[in-house]
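Residue numbers (this note's numbering): 615 to 915.
A virtual CB, placed ideally from N, CA and C, is assigned to each residue, including glycine.
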């Protein structure tokens with residue numbers, strides 16, 4: 615809980631008033647539930663007025679209850695099981711237009727990511743990728759899709775790219791054991807954070823490789839060892855974590871990094887186009903006559 619809202623509550627507990635201690639006790643004992651309660655509902659649960667709940671949030675150092683609640687949600691969402699996630703999300707999703715609600719939340723996550731991301735870390739990550747002898751990309755479970763996306767595009771520009779998406783710790787170490795100081799390791803990790811992924815990141819860090827971490831907040835386990843920390847906001851919708859903002863960030867990272875290898879990229883794509891056309895890799899319907907063409911492009915699936 616180091617650095618989390620829960621640790622703040624614990625450290626400030628001796629200074630709290632009787633009513634504030636009642637709120638603190640409830641949160642510390644029921645943080646999985648408390649994180650998703652409105653100020654009014656938290657007041658009902660503790661027998662404390664809404665205004666006192668709001669003052670409690672400001673006493674913790676937050677501008678208001680919404681900011682306090684968001685910090686609490688960030689702290690606990692990595693601890694919740696899938697069943698707990700579904701239970702706490704049900705009240706928010708019942709009766710909602712799921713299409714509109716989900717897409718608007720994704721849009722908000724992209725805006726928040728853009729507003730808070732470190733440009734210095736972003737530029738440093740792009741440079742580290744360009745300067746590396748080998749690029750290792752790690753992501754498991756839901757983050758495996760992000761890792762695979764990066765691998766698909768980076769391998770078309772860089773010659774030494776390796777993808778690690780296995781859940782087997784032994785296979786992970788076998789893939790990564792040659793990593794060294796001249797390499798970069800890009801790790802995507804989101805709640806619930808994978809222990810094996812953290813171990814791989816720590817191993818690469820100890821071997822001297824540059825570590826680019828793509829995660830959801832500065833309190834994530836990997837944050838403390840990252841050379842370049844890229845925070846992409848992710849919101850919990852039932853048992854699903856939205857990865858829209860992380861994918862948008864990854865799009866920008868691919869463009870920024872490969873922009874530094876423009877000549878190599880153009881040469882590679884030129885050769886690939888010849889191969890795609892020669893072996894009919896992609897099908898393209900010509901506009902005249904509806905005949906099937908033989909041309910392809912780099913974005914075929």
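Grab the span of the beta strand (DSSP E) containing residue i for me, first residue to last.
i: residue 824; result: 824-829
i: residue 802; result: 798-802
i: residue 750; result: 749-752
i: residue 620; result: Unbroken run through residue 620 is the alpha helix (DSSP H), 619-626; no beta strand (DSSP E).
i: residue 965; result: Past the boundaries of the shown model lies residue 965; the chain is included only from 615 to 915, so the question cannot be answered.
i: residue 777; result: 775-778
What's the call for residue i, buried or exposed, on a 16-neighbour Cβ count within 10 Å?
i: residue 683; result: buried
i: residue 766; result: exposed
i: residue 755; result: exposed
i: residue 624; result: exposed
i: residue 876; result: exposed
i: residue 847; result: buried
i: residue 795; result: exposed
i: residue 729; result: exposed
i: residue 844; result: buried
i: residue 764; result: buried
i: residue 768; result: buried
i: residue 727; result: buried
i: residue 889; result: exposed
i: residue 620; result: buried
Which whole-angstrom value is the C-beta distance of residue i and residue j, which I expect to be below 8 Å?
i: residue 811; j: residue 803; result: 5 Å
i: residue 675; j: residue 622; result: 7 Å
i: residue 749; j: residue 774; result: 6 Å
i: residue 671; j: residue 867; result: 35 Å between Cβ atoms; not a contact.
i: residue 798; j: residue 879; result: Contact doesn't hold; Cβ gap of about 18 Å is too wide.
Identify, in the order they occur along the chain, each residue of the same chain with its Cβ nearer than 7 Å to the Cβ of residue i, setting aside the five sequence neighbours on each side.
i: residue 651; result: 659
i: residue 724; result: 858, 859 and 862
i: residue 668; result: 653, 678 and 679
i: residue 629; result: none
i: residue 855; result: 756, 804, 805 and 848
i: residue 822; result: 794 and 795
i: residue 882; result: 770 and 771
i: residue 618; result: 689 and 833
Between which two residues does the alpha helix (DSSP H) harbouring residue i extend?
i: residue 858; result: 858-873
i: residue 668; result: 664-673
i: residue 637; result: 632-643
i: residue 680; result: 679-690
i: residue 833; result: Per DSSP, residue 833 belongs to no alpha helix (DSSP H) and is neither H nor E.
i: residue 812; result: 809-820
i: residue 724; result: 712-730
i: residue 782; result: Run containing residue 782: none; DSSP gives neither H nor E here.
i: residue 891; result: 876-892
i: residue 660; result: 653-660
i: residue 759; result: 758-768
i: residue 739; result: 733-745
Starting from the C-beta of residue i, find all residues in its chain whose C-beta is less than 6 Å away, skip the five residues before and the five after it, and write them out in chain order.
i: residue 841; result: 824 and 825
i: residue 688; result: 831
i: residue 776; result: 750
i: residue 758; result: 779
i: residue 903; result: In this prediction, residue 903 has a pLDDT of 49, which is less than 50 and means its spatial position is unreliable; what the coordinates show is noted afterwards. For residue 903, where only same-chain residues beyond five positions count, there are no Cβ hits under 6 Å.
Which residues in the same chain as residue i place their Cβ atom closer than 8 Å to its Cβ, once the five residues preceding and following it in sequence are excluded?
i: residue 663; result: 657
i: residue 737; result: 870
i: residue 787; result: 814 and 817
i: residue 760; result: 753, 802, 828, 857, 860, 861 and 864
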